[in-house]
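Chemist: Read top to bottom, the protein sequences are chains A and B. Under the numbering used here, the first residue of the first sequence is numbered 40, with each subsequent residue one higher. Under the numbering used here, the first residue of the second sequence is numbered 258, with each subsequent residue one higher.
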Amino acid sequence: MLKSVKRASGNSPLETVSSSLLSTVLEPPVEEGRLVVLDMGLAAPSTVRFFNQSKCRLHFTALIDSELDKYNREESSYAERVEQFSAALNLQPGIKIDIFLFWDLFCYLNKSAIDALMEVLSPFVHDASRAHSIGLLNARQQMPFYEYGVASVGQLSQYPKTTFQPPVYVHSRRDFNKLLGCLSVDKSCLLADGRVENILLVNR
Amino acid sequence: MQNIVKSATQSLRSALQTIQHRNDKAAEATASAVAATNRGGRSMIGSGAKIEGKLISDEDLMIQGQVKGSVTAKANEVIVGVKGKLTADIQAKVVKVEGTVSGDITGSEKVIIAKTGNVVGNIRAPRVNLEDGAKFKGSIEMDPEDMALSGLQAKSMPEPKTRPLDIDAKQVG
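(1) Per DSSP, what kind of secondary structure is R299 of chain B in: helix, strand or coil?
(2) Relative to the alpha-carbon of V358 of chain B, which residue among B:K367, B:S365, B:I336 and B:K350 has its alpha-carbon at the smallest distance?
(3) Do L81 of chain A and V189 of chain A come within 8 angstroms of each other at the CB atom, strictly closer than that value?
(4) Does the beta carbon of N216 of chain A come closer than 8 angstroms to any beta carbon on chain B?
(5) How far does the beta strand (DSSP E) with E186 of chain A in it extend, from its first residue to its last?
(6) L343 of chain B versus chain A: which residues are under 8 angstroms apart at the beta carbon?
(7) Among the candidates B:E366, B:D389, B:I380 and B:L318, whose CA atom is the shortest distance from the CA of T329 of chain B?
(8) Roughly how many angstroms separate the alpha carbons of C228 of chain A and F139 of chain A, rounded to a whole number?
(9) Less than 8 angstroms separating the beta-carbons of T100 of chain A and L77 of chain A?
(10) Name the DSSP beta bridge partners of D78 of chain A, please?
(11) Strictly under 8 angstroms for the Cβ-Cβ distance: is E388 of chain B near chain A by that measure?
(12) Check whether the Cβ atoms of S151 of chain A and R120 of chain A sit closer than 8 angstroms, and answer yes or no.
(13) Would you say S327 of chain B and K350 of chain B are within 8 angstroms of each other, going by their C-beta atoms?
(14) According to DSSP, is I153 of chain A helix, strand or coil?
(15) Can you confirm whether V368 of chain B, when its beta carbon is compared against all beta carbons of chain A, has any partner nearer than 8 angstroms?
(16) Contact check, K394 of chain B vs A382 of chain B under 8 angstroms by CB: the rounded distance?
(17) Measure the C-alpha to C-alpha separation of V377 of chain B and I302 of chain B and round it to an integer number of angstroms.
(18) Indicate whether at least one CB of chain A lies closer than 8 angstroms to the CB of K353 of chain B.
(19) Run down chain A in chain order and give the residues with a C-beta less than 9 angstroms from the C-beta of D400 of chain B.
(20) So P84 of chain A contacts chain B; which residues on that side make the cut at Cβ distance below 7 angstroms?
(21) Only counting the same chain, and skipping five residues up and downstream in sequence, which positions put a Cβ closer than 6 angstroms to that of R96 of chain A?
(22) For H278 of chain B, does the count of other Cβ atoms within 10 angstroms reach 16, so buried, or fall short, so exposed?
(23) Go through its chain and collect everything with a Cβ distance to V159 of chain A's Cβ below 7 angstroms, but skip five positions before and after it.
(24) In chain A, which residues lie with their C-beta within 8 angstroms of the C-beta of S396 of chain B?
(25) If we define contact as Cβ-Cβ less than 8 angstroms, is L53 of chain A a contact residue for chain B?
(26) So, is Y24 of chain A buried or exposed, given that buried needs 16 or more other C-beta atoms within 10 angstroms?
(27) Leaving aside the five residues before and after S59 of chain A along the sequence, list all residues of the same chain whose C-beta is less than 7 angstroms from its C-beta, in chain order.
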């Protein structure tokens, strides 16, 4: 179920934020064929603009904008969660994703949900896959509620959301790394408002 | 101006000839759909029209009504207006969505989702523009190199042989 997301238009409160790590995700060239990108949000205009010059396939799952409660329910089994994520992502079997843009999705999922999500994504990861995610520095910080996009190689775009913010789960770096399965945090860097951005690479 | 009126009259006459062969309900829907055809050299499906079936156009098309099925205007532009609601695949040279579309969109030149647009489906085009405020869920397949290719194809495209507006439709709802 897609929640109604009011996004900035007209006199847009769109902001851009410098990112030290985004270039690590975006710059490595794809050797041949099409760049395949999986974005867990709705399509941000800036992201589509950024990739406009590339031969690419962009998948916008809008998972962040869906009803996330169902994935976090304690009474759901692991198999049920896996089934729910598979249905929501609806990825074509056999494709390989070059770039995962998780944005702040992991902040709104509990450990069981992240575990199930990564299980669903693992067949789509290849050796050179890379990912970007945003988290909180610590549990004392408030998570700002934005919709994210790529503004440029070194800049994120963020659109304030006006919908109800789901409960936030703060995961320690150690727990987070365990949950990521085939991926792990390679680098982290501070962002504004008590956030950190992470680069996730494939475990070797 | 005279040419526009003449062209509009011809298109309307052609479309009306087409609907004579349909059943009464379909004819009603089609007549309603083409009632406002060819405003400013562009066919229009009015906001009161509900069409189910294949819609093929050899001229630019503005849709403000509801369409279920498919819309094809390979060498022309299709605009889904703010009031337009489509559960349909769209294939055109340029597609602009200001309303709601659930279906796959193919633009041989460009696809634009305006700030009022809401699309769930897959888009394939050399270039895709999303305006601030646009909502899109699905996949986008872009290849700027196809742009040059589509330009060449458009130049060498033969004159259309089909009727200006061919609606194979039945009334719904």
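Glycine included, every Cβ here is placed at the ideal spot set by N, Cα and C.
Modeler: Reading off the structure:
(1) Looking at R299 of chain B - three-state DSSP - the assignment turns out to be strand.
(2) Closest option to V358 of chain B, judged by alpha-carbon separation, among B:K367, B:S365, B:I336 and B:K350: B:I336.
(3) Pairing V189 of chain A with L81 of chain A gives a Cβ-Cβ distance that is not under 8 angstroms.
(4) Closer than 8 angstroms: no.
(5) Counting along the chain, the beta strand (DSSP E) containing E186 of chain A begins and ends at Y185 to S191.
(6) Under the 8 angstroms cutoff, chain A gives no residues; its nearest Cβ is about 17 angstroms from L343 of chain B.
(7) The residue among B:E366, B:D389, B:I380 and B:L318 with its C-alpha nearest the C-alpha of T329 of chain B is B:L318.
(8) Looking at the backbone, the Cα of C228 of chain A and that of F139 of chain A are separated by about 18 angstroms.
(9) Cβ distance < 8 angstroms, so T100 of chain A and L77 of chain A count as in contact.
(10) Looking at the DSSP assignment, D78 of chain A forms a beta bridge with A:F99 and A:L140.
(11) Answer yes: the Cβ-Cβ gap between E388 of chain B and chain A drops below 8 angstroms somewhere.
(12) Result yes, Cβ atoms of S151 of chain A and R120 of chain A sit closer than 8 angstroms.
(13) For S327 of chain B and K350 of chain B, no; Cβs fall outside 8 angstroms.
(14) It is helical.
(15) False, the Cβ-Cβ gap to chain A never drops below 8 angstroms.
(16) The Cβ separation is near 17 angstroms, so there is no contact.
(17) In this structure, the alpha-carbon of V377 of chain B lies about 21 angstroms from that of I302 of chain B.
(18) With 8 angstroms as the cut-off, K353 of chain B does not count as an interface residue toward chain A.
(19) The answer, in chain order, is R73, S93, K94 and C95.
(20) The contacting residues are L387, E388, D389 and A391.
(21) Only R73 and V75 meet the Cβ criterion.
(22) Reliability fails at H278 of chain B, whose pLDDT of 40 lies under 50, so the model's placement of it is uncertain and no value is given.
(23) A distance below 7 angstroms between beta-carbons, with the five flanking residues on each side excluded, links V159 of chain A to the following residues of its chain, in chain order: V121, F124, S125 and L128.
(24) What S396 of chain B touches in chain A: R96, L97, H98 and F99.
(25) Cβ-Cβ to chain B under 8 angstroms: yes for L53 of chain A.
(26) Lying before the first or after the last residue shown, residue 24 of chain A is absent from chain A, which here runs from 40 to 243.
(27) If we look at S59 of chain A and ignore the five residues flanking it on each side, its Cβ neighbours are C228.
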